[in-house]
Amino acid sequence: MTDGNQALKKAGLKITLPRVKILELMQAPENQHISAEDLYKKLLDIGEEIGLATVYRVLNQFDDAGILNRHHFESGKAVFEMSTQKHHDHLVCLTCDKVIEFSDDVIERRQDEIAMRHNIKLTHHSLYLYGHCTNDECDHADE
Numbered sequence: 255m256t257d258g259n260q261a262l263k264k265a266g267l268k269i270t271l272p273r274v275k276i277l278e279l280m281q282a283p284e285n286q287h288i289s290a291e292d293l294y295k296k297l298l299d300i301g302e303e304i305g306l307a308t309v310y311r312v313l314n315q316f317d318d319a320g321i322l323n324r325h326h327f328e329s330g331k332a333v334f335e336m337s338t339q340k341h342h343d344h345l346v347c348l349t350c351d352k353v354i355e356f357s358d359d360v361i362e363r364r365q366d367e368i369a370m371r372h373n374i375k376l377t378h379h380s381l382y383l384y385g386h387c388t389n390d391e392c393d394h395a396d397e
């Protein structure tokens, strides 16, 4: 049994072709922070005829099961990434929508200190920092 099939079984989800194909695509590093529409296009590109409604439904099931994390960046559309990654925060370019993952021990420590000072026991958190690329690598820098 593949790792993907084991993840589905562990989450209590039936192993179906759409779930397996979507999970396989989501496990690729280049498909992190991908929208349902972009994932659907990738499925079509590789010859998989899985409907957009099915893609949405499976992504929601994976999010509910803890296989994926859903993020709502400033673009307004949900994007997904595998939840098996080590905790990280995100830098988001408001011009080209590029997402950069980062980890910083000082930021993590400060968040814990602030929560403790306010008598809050953190269970989880998300940090999104927004700005604009300052180099020529921005996909839409000329717009």
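Here the sequence shown is numbered in this note's numbering, starting from 255 and rising by one per residue. Each residue gets a CB set at the ideal place from its N, CA and C atoms; glycine is no exception. Keep in mind that this is a model prediction, so the values were computed, not measured.
- Look at F356 here: in three-state DSSP terms it is strand.
- Per the coordinates, the alpha-carbon of D390 lies some 31 Å from the alpha-carbon of L298.
- Taking the Cα positions, G385 is about 8 Å away from L345.
- Residue environment for I361: exposed (fewer than 16 other C-beta atoms within 10 angstroms of its C-beta).
- The Cβ neighbour count for M370, taken over all protein chains shown within 10 Å, is under 16; the residue is labelled exposed.
- It is roughly 35 Å from the alpha-carbon of Q365 to the alpha-carbon of L267.
- For I300, the number of other beta carbons within 10 angstroms of its own is below 16, and it is reported as exposed.
- The C-beta distance from H287 to H325 rounds to 7 Å, short enough to meet the 8 Å contact threshold.
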